[in-house]
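Protein chains: 2
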Amino acid sequence: MNPSDKLLDNIGRYVNLSEVETEKLLSIVQETRVKRRQFIDQPGYTSLYRNYVLRGAFRSFFIDNNGKEHTVQIAVEDWFVSDFYSYITQTPATLYVEALEDSIILQMRYEDIEPLCREIHNLSEYFRVTTERAFAFSRKRALSNLSKSAEERYLELIERYPNIALRVPQKIIASYLGMSPEFLSKIRKNLTNNS
Amino acid sequence: MNPSDKLLDNIGRYVNLSEVETEKLLSIVQETRVKRRQFIDQPGYTSLYRNYVLRGAFRSFFIDNNGKEHTVQIAVEDWFVSDFYSYITQTPATLYVEALEDSIILQMRYEDIEPLCREIHNLSEYFRVTTERAFAFSRKRALSNLSKSAEERYLELIERYPNIALRVPQKIIASYLGMSPEFLSKIRKNLTNNS
DNA sequence: CGTATTACTTAATCCAGTTCATTTTTTGTG
DNA sequence: CACAAAAAATGAACTGGATTAAGTAATACG
């Protein structure tokens with residue numbers, strides 16, 4: 000099985016590309032190996048690629064004015080990851096995107112994707128539909144978090160993505176959930192005591 | 000000037016529709032007048048339309064388990080507004096979308112838009128590009144809020160959207176900024192005293 | 001292996017923002 | 001224009017979660 004097949008499977012869930020279209024797409028897809036702790040985006044450098052995670056795990060984060068890290072996204076297999084704002088506007092990034100494990104990604108350049116979307120209607124549709132969905136789900140998640148306590152957010156995470164909770168260091172989970180690592184530690188202690 | 004021209008202008012910033020394509024699009028656009036306090040989406044009912052605000056103002060909000068209102072979006076002229084999750088997934092809404100003023104909107108049915116996007120490449124491109132941008136900007140905003148205090152968030156809002164701050168009741172602004180109305184009142188008092 | 005670094009825990013203190021209860025101001029509508 | 005109803009302001013008491021500082025456990029890597 001070719002590495003790109005996973006990406007094509009994913010696309011096939013939404014649209015059907017012809018053979019020619021598939022060929023054209025594959026010609027702009029580049030497989031890249033990334034070592035743990037390596038950055039694929041970082042502040043100051045424009046994000047050039049849409050990155051599809053074939054194997055491994057990433058997180059995107061930024062460092063605020065007080066020097067505090069905020070984890071924005073945790074991405075495992077079959078997710079796209081990048082500093083999306085930087086990618087879409089083609090302006091310098093403000094986020095780091097860091098490999099949490101040795102990983103393999105498929106990279107597609109902005110400069111290659113944009114003309115291809117203008118050329119291939121189905122590819123445009125693929126990104127239209129998946130971005131609309133990603134946006135809708137992201138909003139949904141943000142909303143459901145508004146009315147949740149720190150403990151509820153943690154419980155929801157380990158229920159929905161148990162593997163993430165296992166693979167990713169606790170302090171990164173805390174930063175992703177918007178709480179201090181100390182407080183997450185307290186929550187976990189309470190949970191094990193009362194159950 | 001036809002009411003739909005504003006929408007076509009907006010589209011024209013991203014793609015060029017042919018005459019025939021424009022005609023097809025206009026044939027699915029419906030102009031609707033909405034009275035102040037009227038809901039165009041509400042929990043339990045699937046969101047059927049993408050709504051483009053021609054004149055007036057809307058907000059979308061939900062009521063959490065503790066009965067507290069959370070304003071999700073404030074939309075004025077040239078914005079799209081709906082329960083986007085409900086619209087995209089075509090499942091019952093969880094949000095209210097309410098007119099804050101007597102308003103005029105352009106409505107396009109999900110059932111009409113989807114086939115038309117599959118038919119008209121440029122329309123697909125319009126929604127792909129604008130949704131990608133909306134998503135990117137929404138993330139950017141969410142991030143910049145993470146490291147901001149309540150006062151900083153308020154200051155940013157009145158700087159970026161001064162007209163919104165004037166047109167929309169303070170308690171809705173507070174709910175949009177994620178703080179209690181009492182606290183916003185306190186912030187405003189401090190600001191006028193110290194300047 | 002050993003040890004240096006990084007991750008996790010615990011507990012005390014602190015603070016931004018909430019909640020609740022009351023008063024004052026503004027607004028919409030007959 | 002009146003006046004009821006909604007919105008805004010004020011102040012006091014409270015709290016979820018942060019911060020700080022220390023100690024303990026786990027990992028990486030020479």
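Sequences listed follow chains H and L, in order. Just so you know, we're using numbering that gives the first Met the number 0 here: the first sequence kicks off at 0 and counts up by one. Just so you know, we're using numbering that gives the first Met the number 0 here: the second sequence kicks off at 0 and counts up by one. Backbone N, C-alpha and C define an ideal beta-carbon position, used for all residues, glycine too.
- Residue pairing from DSSP leaves L:Thr191 without any beta-bridge partner.
- Look at H:Ser59 here: in three-state DSSP terms it is strand.
- Residues of the region 44-74 of chain H that bring their beta carbon within less than 8 Å of a beta carbon in chain L comprise Phe61, Asp63, Asn64, Asn65, Lys67, His69, Val71, in sequence order.
- In this structure, L:Ile104 is the residue among L:Ala173, L:Ile104, L:Thr129 with its C-alpha nearest to the C-alpha of L:Phe38.
- Shown here, H:Asp4 sits in a helix according to DSSP, grouped into three states.
- Excluding five sequence positions before and after H:Leu115, the CB atoms of its chain that fall closer than 8 Å to its own CB belong to Lys23, Leu24, Ile27, Leu122, given in chain order.
- The beta carbon of H:Arg127 sits closer than 8 Å to some beta carbon of chain L.
- When 8 Å is used as the limit between beta carbons, H:Ala135 is near these residues of chain L: Phe83, Tyr84, Tyr86, Ile87, Thr88, in chain order.
- In the structure shown, L:Ile39 falls within a strand segment according to DSSP collapsed to helix, strand and coil.
- In the three-state scheme derived from DSSP, where H, G and I count as helix and E and B as strand, H:Ile27 is classed as coil.
- For H:Phe134, same chain residues with a beta-carbon under 8 Å away, outside a window of 5 residues either side, do not exist.
- Under the Cβ criterion of 8 Å, L:Ala141 is counted among the residues facing chain H.
- Under DSSP, L:Pro91 shares a beta bridge with L:Thr45.
- DSSP places L:Val128 in the uninterrupted alpha helix (DSSP H) bounded by 120-145.
- For H:Leu145, the residues of chain L that pass the 8 Å Cβ criterion are Asp63, His69, Gly177, in the order they occur in the chain.
- In the structure shown, the three-state DSSP call for L:Leu183 is helix.
- Excluding sequence positions up to five before and after H:Ile157, its CB lies within less than 7 Å of the CB of Ala164, all in the same chain and listed in chain order.
- In the DSSP annotation of this structure, the continuous segment of the beta strand (DSSP E) that includes L:Arg108 starts and ends at 102-108.
- In this structure the region 48-61 of chain L touches the region 79-88 of chain L; the number of beta carbon pairs closer than 8 Å is three or more.
- Per DSSP, the continuous beta strand (DSSP E) segment holding L:Glu68 begins and ends at 68-74.
- Just measuring C-alpha positions, the residue of H:Gln106, H:Ser179, H:Arg132 sitting nearest H:Glu150 is H:Ser179.
- Proximity of H:Ser123 to chain L, defined by a Cβ-Cβ separation below 8 Å, is satisfied.
- A straight-line Cα-Cα distance of about 34 Å links L:Ser17 and H:Ser137.
- In this structure, the beta-carbon distance from L:Gln106 to L:Asn50 falls below 8 Å.
- Cβ contact annotation for H:Val128 (same chain, cutoff 6 Å, sequence separation greater than five): Tyr13, in chain order.
- Within chain L, the C-beta atoms nearer than 8 Å to that of H:Thr130 come from Arg127, Thr130, Glu131, Phe134, in chain order.
- L:Tyr175: member of the alpha helix (DSSP H) spanning 169-176, first to last residue.
- In the structure shown, L:Tyr51 adopts extended strand secondary structure according to DSSP, grouped into three states.
- In the three-state DSSP reduction, L:Val33 falls in the strand class (E or B).
- A straight line joining the alpha-carbon of H:Arg117 with that of L:Glu131 spans about 15 Å.
- Assignment of beta-bridge partners to H:Val80 by DSSP yields H:Asn50.
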